[in-house]
Each structure stands twice: as C-alpha cells, then as structure tokens.
C-alpha cells in the first residue's frame, strides 16, 4: 500500500502568503513498519542491556564468592552523586587489604588517585543495594600501581587498606592465591 503525501513549502510575496505543494513523496507502509520495528527493537535491546555490564555471565551469591567486595561512592566520588552506590568491585586479600583495579580509584577528570573519603567498602553481601547485612568499612589508604596507564589500562591494579579489619565468616573470606610455581593461563 502506498500513500501519497505532500511536502509543502510556504512562499511569500508582498501581497499574500500562498501554500504550494512542491514535492510528492511516496511512502511504503511495509518498509516504514520494518524500519520502525527495527529501531524499536534496537532501543529495547539497548535499554535492557545498558544497566548490565557483564554479558553472558551467571548469577551468583556471596557464599560462592566470599572474597568479593563492593566499592561504594561516599557521596563525593567524582562520577557519582549518590551515597552508597556501587561503583566497582574488588577481592579481599587479608582482613585489612582489598585488591581492585586502578581505574576504580582514579579520578577520570584529573587522573589522580581519589581521596580515601570518596569510597567505602562493603563485604559479605550478594545484592549491591544491600545496606544492612554486610560488613561496612571506611578506607584508610589507597595505593595505585605506579606505572598505571589509563590510556592502555596497563598495570590496572590497586590496593585499598581499610580502617578496621573484616571479620571472617562464611560470607567474608580472602581470595585464594596461587604460589609462584604455578603457571596461570592468560585471561
């Protein structure tokens, strides 16, 4: 089915304003429907996955990964206005030390390490929005790899020392490290 539509233009002269059809446009309804559905599906896909940063992952719980922590903005963090909002993850090394990525503790505007008062650490929680059941600690020190390169992400590693030790339990344990004799596969 074709619909004829007119693209119209106004022409002005000193005596009067007249409306003149200047162009005919033929619109194919089937083609428009297909394009509209394609755009709509693309927008729905983008909206669905915009909040998910891990593609193809599996849901898990803290008892399966008790070394995992949530790094949260304290309300002054450079990219977040919300207090206690999850911004990055990390792994428990010892009761007082957390391993994380250098890009997580780098101010994107200045390239400097963020201040210790800009983040907090949450351990022992499965849900990022859990503010009750876990252990919550302030940060005492942040150490970024001295050769971290934000452009290439080389040496993207940092350490965080928290103000009070974590209490180990079933949901809060250190990550198991391998010994230096073990050859780890890349990836």
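In my numbering, the protein residues as written are 0 to 186. Built from N, CA and C at the ideal position, the CB exists for glycine as well.
Assuming residue i contacts residue j under a Cβ cut-off of 8 Å, what Cβ separation, rounded to an integer in Å, is found between them?
i           : j           : result
residue 154 : residue 101 : 7 Å
residue 171 : residue 122 : 5 Å
Check residue i in the structure and name its three-state DSSP category.
i           : result
residue 196 : Shown here, the chain extends from 0 to 186; a query on residue 196 therefore has no answer.
residue 101 : helix
residue 148 : strand
residue 116 : helix
residue 121 : strand
residue 167 : coil
residue 66  : coil
residue 140 : strand
residue 55  : coil
residue 134 : strand
Is the separation between the beta-carbon of residue i and that of residue j shorter than 8 Å?
i           : j           : result
residue 145 : residue 110 : no
residue 72  : residue 118 : yes
residue 94  : residue 147 : no
residue 68  : residue 104 : no
residue 70  : residue 86  : yes
residue 83  : residue 130 : yes
residue 138 : residue 120 : yes
Whole angstroms is fine: what's the gap from residue i's alpha carbon to residue j's?
i           : j           : result
residue 107 : residue 128 : 24 Å
residue 212 : residue 113 : The structure shown does not extend to residue 212, since the chain is modelled only from 0 to 186, so the question has no answer here.
residue 62  : residue 126 : 12 Å
residue 115 : residue 158 : 12 Å
residue 66  : residue 182 : 22 Å
residue 98  : residue 55  : 24 Å
(request) Would you check if the region 128–140 and the region 159–168 touch, i.e. whether three or more CB-CB distances between them fall below 8 Å? (result) yes
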